Structure formats: structure tokens, C-alpha cells
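FYI, in UniProt numbering the residues of the sequence shown are 1 to 583. Each residue gets a CB set at the ideal place from its N, CA and C atoms; glycine is no exception. Just so you know, these numbers come straight off a predicted model, no measurement behind them. Take a look at the structure below.
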Amino acid sequence: MLLRTPPPHKRPRLPSPEPPPQQLAVQALPLGRFVASEDTEFHHDCDDRELLGDSLRCTYKCKQLVKAEFLERYNNQERKISDLTTQLESLESSSRAIGIERNNLLEQVERLQQEKAAATARERATQDKYEIDLNRFEERFRGQFKRCEELEVKLQQEVRLRAEAELHADNMISQAEDLKITLEKNAEKMKKRIETLEEQLRREQKDAQFAIVRTEAKTSQEKTRAQYAESEIEILRNRCEDLQQRLSKCMDENRALSDQLAAAPAESSSSRNKEMETVIKHLRDELKSFESDVVEARKMKQFHANVNLLKEKVESERLRAERAEAALEELVNCEVQTKSLIAELQIWKSLIDEIPDVEKRDDIPIKMRELQRELLASTAEVGKLTAKVSELHSELEKEKATRYRSQNDARISNKAVGDVEAENKRLKRQVELLKREVNGLKSILSSYDEEESLFMPQNSAENGQLFESRVKLKEERIQKLEVLIEDLQREGELLRSELASAELKLGRGDYDPAHTKVVHMVENLDVSAEKKVLLAEIQNLQEKLKALEDETFTSASRNAASKNAELSMLRDQVSSLEKREAR
């Protein structure tokens with residue numbers, strides 16, 4: 001911009017040659033432009049010599065005034081030209097930025113097409129993988145369904161067996177009640193028998209005591225009699241020994257006499273016969289006495305035998321008393337054993353009452369083994385069922401976690417869609433502002449064109465065409481931006497539809513468990529698609545950020561603060577999206 005030069009100082013008028021009319025009429029301007037004054041028009045239009053003479057006869061003062069006015073207008077035009085050049089440079093920079101943005105948008109379109117092709121390929125691959133996984137999961141589902149049917153059959157069998165067991169238990173309870181009644185009857189019988197046995201035992205004890213007393217009395221009598229008999233036996237034994245000695249002496253004397261009789265002569269036989277007769281009489285008397293002694297000895301011998309018999313009887317009675325005492329001890333032991341047996345019988349009775357299918361004591365270990373086998377089988381079934389329940393709980397937890405993650409991802413995608421919509425709205429507002437700026441620039445350019453039409457009628461048309469072409473470029477850029485905004489809106493609608501389908505797939509919305517199969521994959525397709533969409537949004541936002549940074553360098557200084565705020569906001573959004581993607 002040129003500064004206005006101060007007017008020259010007035011000098012005294014000197015005679016100087018007048019400038020030719022061409023020098024006064026035409027003044028050259030910078031940048032190869034010329035401005036025609038009124039004098040030139042007057043010079044070209046008027047051919048009259050008189051008018052030319054009148055103009056040449058103007059005073060120096062009028063010339064100086066015209067010159068000062070012309071210089072002032074010249075300076076104003078210079079300032080306007082410099083302003084227009086700066087505006088042209090800014091418009092050229094904006095057009096270059098628009099060209100760069102157009103190239104970026106074309107590259108983005110190509111990249112989006114490539115990404116679309118890659119996405120279609122990935123979609124085909126994921127569709128194939130999904131079909132493979134679906135077939136595998138259908139097979140697995142069929143296997144699980146068969147297993148469920150088998151488990152249902154087993155469950156029905158278990159229910160049937162349980163019903164049979166309950167019936168059997170009822171029967172066993174009735175049998176146990178019958179056994180209880182029989183046991184009570186047997187216990188009553190046993191009690192009666194025990195009472196009778198106790199009465200018999202008491203009678204036997206009394207009889208044994210009476211027999212013991214009687215045997216003791218008899219033994220005492222027999223002992224006294226035996227002692228008396230032993231004394232008599234001793235006396236008789238002594239007498240027998242004396243009699244035997246006397247008998248032996250008599251026998252010796254008889255032999256001696258017989259020998260003497262045989263040796264004596266016959267003369268003395270008569271006298272000796274008399275003596276012998278007397279001796280024989282004496283001997284016969286002695287023999288009679290000896291016979292009586294022998295009878296007594298036999299009686300004593302018989303009495304001695306009777307004493308031995310009494311001793312044997314006493315010994316037998318003593319043994320009988322010992323046996324009775326042993327029987328009493330055995331009776332006491334039997335009472336103790338009967339009490340223990342009654343207690344054991346009560347225990348077994350309670351066990352038999354508690355345990356079904358038990359009729360006697362030997363059935364208890366068999367029933368215990370059966371119960372142990374049933375317990376092992378039931379524990380195995382319980383372990384299987386608990387494992388299955390734990391698997392179902394783990395699958396449910398995984399499903400809840402995946403659903404929670406999908407809901408979070410859906411919220412994030414909804415937020416991202418909202419951010420994209422806000423960005424679209426902001427871009428729309430920016431486009432409207434650009435339209436307003438373009439309209440303002442048009443009005444400014446129209447005012448400039450009007451001013452230049454007064455001074456430069458030839459160049460104004462060219463400048464107007466240039467500005468119109470630039471305005472058309474701006475309008476084309478605005479149309480392209482509107483098309484991009486519409487594409488972004490369509491992409492947002494597609495994202496919403498994909499999000500709705502993902503929500504339907506993930507169990508939200510119109511979820512029908514009868515018609516919907518939940519397929520668990522190693523990599524969630526919805527999450528991967530949302531990641532891709534978020535990455536694409538991040539790239540778009542980064543490109544928009546770069547474009548806005550380029551625009552900020554070319555924009556005016558009055559919008560610097562708002563642009564910086566928008567840039568910081570976009571940077572925050574990009575950083576938050578990158579952090580979210582990293583998470």
C-alpha cells in the first residue's frame with residue numbers, strides 16, 4: 001500500500017516551457033496500468049483550437065490543484081490495487097488449499113474405495129468364516145441337543161427309578177412296620193420267656209440251695225457216720241487181724257494135731273479120740289464163733305462198701321453243687337448277655353427301621369454296599385451336573401461380558417455417530433459461513449468492480465471474470481462439500497442400521513430366543529467392524545483436521561481464535577478416539 005505524498009511547496013513562478021498536452025493529459029501508473037483524466041477526454045473529444053488554447057492559457061495554480069487532486073486519486077487507486085492484490089493472493093492461496101483439499105478428497109475417495117473393496121473381501125472372508133463357524137456350531141448344537149435328549153431320557157429314567165424307589169421305600173416302610181410289629185411281638189415273647197426262665201432260674205436256685213443244704217446235711221451225717229464207721233472199721237480190722245492170727249494159730253495147731261494123730265500109734269487112738277472129740281468140740285465152738293466173727297466181718301466189709309458209696313454220693317453231690325454254682329454263674333452271665341442282646345436288638349431294630357429293604361441282620365451289609373454304590377453313582381451324576389452347571393454359568397458369564405462389551409461398543413459407536421453428526425452439523429455451519437463469506441466477498445468484489453469500472457473499464461471485465469471463475473470454483477467446492485456431507489450422512493445411516501443389526505445380533509432389541517441362535521466366535525465380527533468404522537472415522541477426522549489446519553493458515557486473522565478452538569476440540573476428539581481404539 002502506497003502512502004500519500006505531501007503536496008509540493010509553492011515556488012515563485014518562473015518562465016518555463018509549458019508541457020505538451022500529452023504529458024498533462026496522460027500519466028503512467030504502476031503495474032502497467034494507465035488512468036485517463038478528464039483532460040485527456042477533453043483533448044480527444046475536442047478538436048477545436050479555441051478550446052485547446054483556452055486550456056493552455058490556464059494558470060499555474062489551476063494546474064497545481066488538478067495535479068494534487070490527481071495525485072490523491074492516484075494514491076487511493078494504489079491503495080485499492082494493493083488491497084485487491086492481497087485479496088487476490090488470499091483467494092489464490094484459498095484456491096490452492098481448495099485444490100489440495102480436492103486432491104485429498106480424491107485420494108480419500110480412492111482410499112475409501114480400496115477400503116471398501118478390502119472390506120468387501122474381508123466381509124466375504126468373515127462371511128465364509130461365519131458360515132463355517134455356524135456349521136460347526138450347528139453340529140455342536142445338534143450334539144448338545146442329542147446330549148440334552150439323552151440327559152432327558154436319563155432324567156426320566158431317574159424319575160422313574162426314583163418313583164420305583166419311593167414305592168419300594170413305601171413297601172419297605174410297610175415291611176419295616178410289620179417287622180417292627182413282629183419284633184415287638186417277639187420282644188414280648190422274649191420278655192415272657194425271659195420272665196419264665198427267670199422264674200425257673202429262681203426255682204432252680206431255690207431247689208439248688210435246698211439241695212445244697214440237704215446235701216450238706218446229708219454229707220455232714222454221712223461224714224459223721226463215715227467217721228464212726230471208720231472207727232468201727234479200725235476196731236473190726238484189729239479184731240479181724242487178731243482172729244486171723246488166732247485162726248492161723250488154730251490151723252497150725254490143727255495141722256500139728258493131725259500130724260500127731262497120724263504119727264501116734266493106734267493104742268492111744270481111743271484116748272486120744274476122746275481128747276480129739278473134746279478138742280473138736282472146742283474147735284467147732286471156736287469155728288462157730290469164728291463164723292459169727294466172719295459174718296460180722298462181712299457185715300463190716302459191707303458197711304465199709306456202703307461208706308465208700310456214701311463217699312461217692314458225697315462227691316457226686318459236691319460235684320452237683322459245683323455244677324449248680326457254675327450254672328448260677330452261667331445264669332448271671334446269661335442275664336448280662338440277654339441285656340446286651342436286648343440292647344443290640346434295639347440298635348438293630350432302629351437300624352432296620354431306618355434302612356429300607358432290610359429284613360434281617362445279614363441284609364444290612366448288602367444294603368450298605370448297595371447304598372454305597374448308589375451313593376457313588378449319585379455323586380458321579382451330581383459331579384457331572386455340577387460341571388455342566390458350572391459350564392453353563394461360565395458361558396452365561398461370558399455371554400454377559402460379551403453383551404456388556406457389545407453394549408459399551410454400541411454406546412461408543414452411538415457416541416461416535418453423534419460426534420460425526422455434530423461434525424456434519426459443524427461442517428454445514430462452516431459451509432453456511434463460507435457461503436456468507438463468499439456472498440460478502442461477492443458484494444465486496446461487486447463494489448470493487450463498480451469502483452474499477454469508473455477507473456478501469458477494460459480490466460474490470462477481466463477481473464470480474466476471474467472473480468466469477470473463482471466464485472464458481474468456490475461454489476463447486478461447496479457443492480463437493482455438500483456431497484461429502486450427504487455421503488457422511490448416508491454412512492451415518494448405514495452405521496446406524498449396522499448398529500441396529502448388531503444390537504439385534506447381540507441380543508438387544510427384538511430378541512427372540514426361539515428363533516435366534518447365539519454364536520460365540522473367537523473374534524467378534526461386530527466389534528471388529530466397529531473397530532474398522534472407528535478407525536475410518538479417526539482417519540477422516542485426521543484428514544479433516546489437516547484440511548482445517550491448512551484452512552487456518554489461509555483464513556483471516558479474525559477467525560483464528562474460533563479455528564484454534566475447533567482445532568483443539570478436534571485434536572481432543574481424535575486423541576479420545578485413539579485412546580478408545582487402543583483400549
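Only exposed fits Ile132, as fewer than 16 other CB atoms lie within 10 angstroms of its CB. Secondary structure of Asp285 (DSSP, three-state): helix. By the C-beta criterion, the region 478-495 is judged to be in contact with the region 422-438, since at least 3 inter-stretch pairs fall below 8 Å. Under the three-state reduction of DSSP output, Asp170 falls in the helix class. Counting only residues of its own chain and dropping the five nearest sequence neighbours on each side, Leu481 has a CB closer than 6 Å to the CB of Val431. With respect to Glu543, Asn103 sits apart: the two C-beta atoms are not nearer than 8 Å.
Between Lys435 and Ile478 a beta carbon distance of about 6 Å is seen, short of the 8 Å cut, so the two are scored as contacting. Between Leu331 and Leu201, the C-beta spacing is below 8 Å. Counting the other Cβ atoms within 10 Å of the Cβ of Leu495 gives 16 or more, which makes it buried. The beta carbon of Thr338 sits closer than 7 Å to the beta carbons of Ile194 from its chain, once the five residues preceding and following it are set aside; these are given in chain order.
For Lys185 and Lys223, the gap between their C-alpha atoms comes out near 54 Å. Ser406 counts as buried, since no fewer than 16 other beta carbons sit within 10 angstroms of its beta carbon.
When rounded, the separation of the alpha-carbon atoms in Lys301 and Arg246 is 20 Å. By the CB criterion at 8 Å, Glu317 and Thr215 fall inside the cutoff. DSSP, reduced to helix, strand and coil, places Asp362 outside both helices and strands of the structure shown, so it counts as coil. The C-beta distance from Asp353 to Lys180 rounds to 6 Å, short enough to fall under 8 Å.
Annotated as proximal: Leu473 and Ser95, with beta-carbon spacing under 8 Å.
Inclusion of Cys250 and Glu277 in the CB contact set at 8 Å is not warranted, their separation being larger than that value. About 51 Å separates the beta carbon of Val314 from that of Thr182, a gap too long to meet the 8 Å contact definition. Between Leu243 and Asp207 the beta-carbon gap is near 48 Å, outside 8 Å, which marks them as no contact. Proximity to Ala327 across Val389, Glu158, Gln209 and Leu167 peaks at Gln209, based on C-alpha coordinates. In terms of Cα proximity to Leu283, the closest of Ala305, Leu396, Asn308 and Asp252 is Asp252. By a beta-carbon distance limit of 8 Å, Ala321 contacts Ile212. Their separation comes to about 5 Å.
Distances from the alpha-carbon of Ser497 to those of Asn414, Glu241 and Ile444 put Asn414 closest. For the pair Gln108 and Arg411, the Cα-to-Cα distance works out to about 27 Å.
Taking a contact as a CB-CB distance under 8 Å, the pair Ala536 and Glu115 counts as one, their CB atoms being some 7 Å apart.
It is roughly 41 Å from the alpha-carbon of Glu391 to the alpha-carbon of Asp419. Selection Lys311, Ala97 and Thr120 evaluated against Gln221 yields Lys311 as nearest (Cα-Cα).
In this structure, Leu236 lies near Ala297, with their beta-carbon atoms less than 8 Å apart.
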